[in-house]
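Engineer: Have a look at the structure that comes next, please.
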Amino acid sequence: MADKNKGGRPSCYKKEYTEQAYNYCLLGATDKDLAAFFNVSEQTINSWKEKQPEFLESLKRGKEIADSIVAQKLYHRAIGYEHPEIITASYQGQITDTMTVTKHYAPDPTAAIFWLKNRQPDKWRDKQEIDLGNKDGKPFEVSNLTDAEIEKKLAELGYRKDKI
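Just add 5 to wherever you are in the sequence shown, counting from 1, and you've got our numbering.
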């Protein structure tokens, strides 16, 4: 017996959407992509997630698998990797010889930085916060101080002018 709606338009959800959504999420689909694929609004996708637990679970599983594959590939780019590759020699369009070689890829600094900034943001963020408070922990006001007075305050805190 089909579930009855308590009001409004009947749901256009179909059981086969569960597997289709899972497969599409494996390809990296977002909820917006799913809405376009099923020709519904994102609000409808959210409604299906609330009312169809198997649909919600299929989205979670598909997105989790896709994200973990991308994370694995990013990690390999960050640390460098190698793989076997078959190269061929040919003469006048005919293959004359094949050989397996190991192809090496150097670590990618951009991938490493991206990985670290996301995995350890407190240690690897671009913006560094420096506490310039007084020894009692309270910040001091610098807007009315001369350059010499600011330098003196910083020296008291252990900051050297040549390091600023």
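Even for Gly, the Cβ is constructed at its ideal location relative to N, Cα and C.
Can you list the alpha helix (DSSP H) stretches of 4 or more residues lying completely in the segment 46-100, in chain order?
Structural biologist: Fully enclosed alpha helix (DSSP H) runs of 4 or longer: 47-56 and 58-84.
Engineer: Within its chain, find whatever has a CB closer than 6 Å to the CB of Met104; leave out the 5 residues flanking it on each side and keep chain order.
Structural biologist: Excluding residues within five positions, the ones whose Cβ falls inside 6 Å are Ile92.
Engineer: Is the beta carbon of Tyr110 less than 8 Å from the beta carbon of Arg66?
Structural biologist: No, the pair does not count as a contact, with Cβ atoms beyond the cut-off.
Engineer: Reducing DSSP to helix, strand and coil, say where Lys108 ends up.
Structural biologist: Three-state DSSP puts Lys108 in a strand.
Engineer: If I measure Cβ to Cβ from Met6 and keep anything under 7 Å in the same chain, skipping five residues before and after, which residues do I get?
Structural biologist: Residue confidence is low: Met6 scores 47 on pLDDT, short of 50, so the model does not pin down where it sits. Its coordinate-derived value is still stated next. Counting only Cβ-Cβ distances below 7 Å, and skipping sequence neighbours, we find nothing.
Engineer: Could you pull out every residue in the same chain whose Cβ sits closer than 8 Å to the Cβ of Lys128, ignoring the five residues on either side in sequence?
Structural biologist: Excluding sequence neighbours, Lys128 sits near Leu121.
Engineer: Nearest-angstrom Cα distance between Ala116 and Leu64?
Structural biologist: When rounded, the distance between both Cα atoms is 27 Å.
Engineer: Return the CA-CA distance between Ile84 and Leu61, expressed in angstroms with no decimal places.
Structural biologist: So the alpha carbons of these two residues sit roughly 35 Å apart.
Engineer: Check for me: the alpha helix (DSSP H) holding Thr151 runs from which residue to which?
Structural biologist: Counting along the chain, Thr151 falls outside any alpha helix (DSSP H), and DSSP gives it neither H nor E.
Engineer: Would you call Thr101 buried or exposed, if buried means 16 or more other Cβ atoms sit within 10 Å of its Cβ?
Structural biologist: Exposed, by the Cβ-count rule.
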